[in-house]
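> Dropping a structure here in structure tokens format, bear with me for questions.
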Amino acid sequence: MSPMLLVILAIVLAVVALLPFIHRAYTQRRPTLPGEPHVGRERPSLVETRPSDLRDSDRADVEAELPAQSPDERQPPPSFLERLGKARSVVSGYVGSVLSRSSIDASTWDELEEALVRADVGVGTATGLIEALRERAETESISEPVALIAAFKADLKADLEADRSLSMAPEGQTVWLFVGVNGVGKTTTIGKVGRRLTDQGTSVLMAAGDTFRAAAAEQLGTWAERCKAELVRGAEGADPSSVIFDGIQKADARGIDVVLGDTAGRLHNKVNLMEELRKVRRVADREPGFVSETLLVIDATTGQNGLAQAKVFAEAVDVTGVVLTKLDGSAKGGIVFAVQHELGIPVKLVGLGEGADDLVDFDADEFVEALLAHDG
Amino acid sequence: MFDSLSDRFESILQRVKGKGRLSESDVDEVMREIRLALLEADVNFDVVKTFVARVRDRCVGEEVSKSLTPGQQVVKVVDDELKTILGGETFAITYAAKPPTVILMAGLQGSGKTTGSAKLAQWFKSQGRNPLLIGADLQRPAAVEQLRTLAARIDVPVFSDSAGPVQTARMGIEEATRTGRDVVICDTAGRLAIDMALMAEIRQISDAIQPGYTFLVIDAMTGQDAVNTAESFHQTLALDGVILTKLDGDARGGAALSVKEVVGRPVAFASTGEALDDFEQFHPDRMANRILGMGDVLTLIEKAEQVYEEEEAEVAARKLLDGTFTFDDFLEQMQQIKKMGDLSSLVAMMPGVPKEMKNAQIDDREMARVEAIVYSMTPQERTTPEIIDGSRRVRIANGSGTSASQVSALIKQFGEMKKMMKGMAGTGFRKAKAKKSKKKGKKGGRVTPSKKAAATRVPFELPGR
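For the protein sequence lines, the chains are A and B, in the order given.
First residue of the first sequence? That's 1 in this note's numbering, and the numbers climb one at a time after it.
First residue of the second sequence? That's 1001 in this note's numbering, and the numbers climb one at a time after it.
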């Protein structure tokens, strides 16, 4: 193996050294002009070798087939606390432990920090929050654990304060885009949002901008049928920008209120795919379109990478809010603290299950209560 | 993948490395940094605690080796312990004495089971097996279709039936026996670990097909909850291993490390890209090296061996080091290297490459541009680029759709690269060879341009085998 090693090192290095544009390629991402060639995934002409669909999972996008429910049978939207109840134990132990002591000591701070870290809030954000709490405890001379927890909850709630309304375009055709990494539940979220809007009497058109995965458009079609929304789709492998643009024009012509634009899942470190997404956003914003919401869908099980996702997506397509999905599992979704704390992007919606109605407005009070609830 | 973690360790250990002695406060700082780095990499809280405690114990304990400085000792201990967490040996599949070998795939929604199933089937095919895929995800309408589409591309049959997941799985096994397939991979619907009904269902599937291997599919981006998920699935199904997906993202993947530690089951396979063959066996030792910033040279060599004949590689290397490497050779090598995978992932595997270069996003378009420039040169220009004057430059620029300044930048860089390679022939390579002969070193000489300064030209010689 020895000559091989040397040779490969040399050759790879030679090739790399020869790319005079590397430096620019990573220091600045060149914006694509509308007329430029497609910058997305490579699509070789041979169907057999096309990598589309081979990607890891937009799995959650294609969730359970739901029993058709008639609108009047449906329950009022579920509350957070009820739904999160079954999986609180990880963090609640710490809060219980803090409350069980008669005073505040060193382990109090450690336990609270640990609770936050375990909920995926992240060490950086958690340390910041605990520091602030310490200062507050000192200045307000809080000595009772009960008062401390109450103060902490109030702090966290204040930290999450934000405008969570979903806005309509002041003029032109309202477009809401849904973006995110693979498998977080973008398509399902669009289905649920569509259901909510149509229930309110708002007309909806869904544009199947995920032209990469074979089943994606069919899946969105199922959702469109369920909530009686219009559907616009393109051929598999079509330019997503043009599909969404078609949708916008059709909606505009027919006087439909909101266009919900689906996009293919993409890892945020893939420069070409992010470039493609920028183009989608830019094209959707062209007359008559007006992108009034760009919602980043984040899976509640996501760890610290969620912050990197939010940063890159926000930079690329100007994210206006987060949809936190799969919060009905055992994951806490604490990463949204970091996202709002560091980037100022608020969570707007929360997915709590696979049903069409399992989408609720994010409620910071309930989220914090659920996070720091304790048994008994 | 794991980039940030390796960066963290690199900067911590760099500080310690040079020291002859470690003070108590040094150790504290190192431990604190290691703890923080691991937590930020989503390693489970408990695992981090035990990991740091173990490293500390071993660092201050009796295991002091005379041949190492304390700094090196810390590096070694961290490396050893990381390998332990990652799972020691590479996972090996033992095929059932009485075929088929049955594999059950389980996991949360969106983790990548369907794609993973197809990729695993492709892997078995490459091992000379005849897999059958069972589409037992009947929950979402398009799941089986998706599996069929993927399977058609790799020419693997799919069995599915609308009779329900358990029944489908059972019938699938019968089908495999009847048609003489020796491996069966059963895809299932995504489910939350706390969903009792669905967990009971997958238990029934497992009971029905008696899998030889049960794999949990985990997204590399998963946070602290990964351990809970793995524990629940393990309790229900008795897992054999984990398939880690979306490793081509920039997540640090710490969750995967935790699973082995907590559930005692290793990562068996890793999915590293969007194409069906971006799927490989997970090598814990290599991954540990990578986390520690030591590169992943073994994988690199494996890839190279698939592409290169030994002789042609030697010829290319000799040309490079003699300085007789031309643009023609460059084009040829570029084609070969493309077969090995995308350039950024190759660079990431190389030891001692500067961090800026590792993090650089190497754009395919840039490569295409370089190629275009070279293709626009005449054969004479490719061998002796010195003859390229102003008018030739403009011609090449026009021919390749670039600008004259880009052409001259490329030619200049080519010259510098050749000089650098000559320099490597002098020092870098000799050093790497010396290291290798001492012990089976993992790290080649650091091949930075600065090396050429000290270069005393030594004729390049390939070590005998």
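Cβ coordinates follow ideal geometry from the N, Cα and C atoms, glycine included.
Under 8 Å, Cβ to Cβ, is there at least one residue of chain A near M1260/B?
Here residue 1260/B is Lys; the residue named in the question, Met, does not match the sequence. No, because no Cβ of chain A sits closer than 8 Å to the Cβ of K1260/B.
> In chain order, what residues of the same chain have a beta carbon less than 7 Å from the beta carbon of P288/A, not counting five sequence neighbours either side?
G172, Q173, I248, D252
> Taking DSSP as the reference, what is the three-state secondary structure of A132/A?
Under the three-state reduction of DSSP, A132/A is assigned to helix.
> What are the residues in the stretch 1202-1221 of chain B lying within 7 Å of chain A by C-beta distance?
D1219, M1221
> By the criterion of Cβ-Cβ separation under 9 Å, what are the contact partners of N1130/B in chain A?
Per Cβ cutoff of 9 Å: no residues; N1130/B is ~19 Å from chain A at best.
> Assuming D1219/B contacts S1111/B (C-beta within less than 8 Å), just tell me the rounded distance between them.
5 Å
> Can you have a look at N1398/B and say buried or exposed, based on whether 16 or more other CB atoms are within 10 angstroms of its CB?
exposed
> Does any residue of chain B have a CB that is nearer than 8 Å to the CB of V62/A?
A caution first: V62/A carries a pLDDT of 38, below 50, which makes its placement in the model too unreliable to give a value.
> I'd like to know whether the C-beta of F1045/B is nearer than 8 Å to at least one C-beta of chain A.
yes
> Since I believe A207/A is in contact with G265/A (beta carbons under 8 Å), could you give me their beta-carbon distance rounded to a whole number of angstroms?
Incorrect: roughly 16 Å between the Cβ atoms, too far for contact.
> Does DSSP put A208/A in a helix, in a strand, or in coil?
strand
> Do the stretch 1219-1229 of chain B and the stretch 273-280 of chain A touch if we need at least three Cβ pairs shorter than 8 Å?
no
> Let me see if you follow: with CB-CB separation under 8 Å, is A1434/B close to chain A or not?
Low local confidence applies: a pLDDT of 41 at A1434/B is under 50, so the model's placement there is unreliable, and no value is given.
> Let me know if A150/A comes out buried or exposed under the rule of 16 or more other beta-carbons within 10 Å of its beta-carbon.
exposed
> Using the C-alpha atoms, what's the distance from L1237/B back to S1206/B?
Cα-Cα distance, rounded: 7 Å.
> For the 8 Å Cβ check, are there 3 or more pairs between the stretch 139-153 of chain A and the stretch 343-355 of chain A?
no
> Under 8 Å by Cβ, that's how I've got P1165/B and L1138/B pegged, so tell me the actual separation to the nearest angstrom.
6 Å
> Return the Cβ separation of V297/A and V184/A in integer angstroms, given the expectation that the two are a contact with Cβ distance under 8 Å.
5 Å
> Would you report the Cα separation of I1085/B and A300/A, rounded to the nearest angstrom?
25 Å
> In chain B, what lies closer than 9 Å to K326/A by C-beta?
L1108, Q1109, G1110, L1192, listed in chain order.
> Is there a C-beta anywhere in chain B that falls below 8 Å from the one on D299/A?
yes
> So, using beta-carbon positions, are K1181/B and P1100/B closer together than 8 Å?
Reading off the sequence shown, one finds Arg at residue 1181/B, where the question assumed Lys. Yes, the pair counts as a contact, with Cβ atoms nearer than the cut-off.
> Which value, in whole angstroms, describes the spacing of the CA atoms of S45/A and G237/A?
Because the pLDDT of S45/A is 35, which lies under 50, any placement of that residue in the model is unreliable, and the number read from its coordinates should be weighed accordingly. Computed Cα separation, rounded: 10 Å.
> Please confirm if L1331/B has its CB atom under 8 Å from at least one CB of chain A.
At least 8 Å separates the CB of L1331/B from every CB of chain A.
> Closest to S1162/B by C-alpha separation, out of A1142/B, I1194/B, Q1281/B, would be which residue?
A1142/B
> I'd like to know if K1339/B contacts chain A, where contact means its C-beta is closer than 8 Å to some C-beta of that chain.
Under the 8 Å criterion on CB atoms, K1339/B is classed as non-interfacial with respect to chain A.
> Ordered along the chain, which non-local residues of its own chain (more than five positions away) have a Cβ less than 8 Å from that of I1194/B?
S1232
> If I measure Cβ to Cβ from I1243/B and keep anything under 6 Å in the same chain, skipping five residues before and after, which residues do I get?
G1116, F1215, V1217, F1269
> With C-beta atoms as the reference, is N182/A less than 8 Å away from A1251/B?
Taking 8 Å as the cut-off, the beta carbon of N182/A is found no closer than this to the beta carbon of A1251/B.
> Does any CB atom of chain A fall closer than 8 Å to the CB of G1249/B?
Residue contact with chain A for G1249/B: present (Cβ-Cβ distance below 8 Å to some residue of chain A).
> If you measure from the beta carbon of L1133/B to each beta carbon in chain A, is any gap under 8 Å?
no
> So is A1142/B in contact with chain A if we call contact Cβ pairs under 8 Å?
yes
> In angstroms, rounded to a whole number, what distance separates the CA positions of V323/A and S203/A?
21 Å
> Would you identify the three-state DSSP class for P20/A, choosing helix, strand or coil?
Unreliable placement is indicated for P20/A, whose pLDDT of 39 sits below 50; the coordinate value is still reported in the next sentence. Three-state result, P20/A: coil.
> Please tell me whether A1256/B and G1223/B are closer than 8 Å, where the distance is taken between their beta carbons.
no
> Are the beta-carbon atoms of K1083/B and P1385/B separated by less than 8 Å?
Result no, Cβ atoms of K1083/B and P1385/B do not sit closer than 8 Å.
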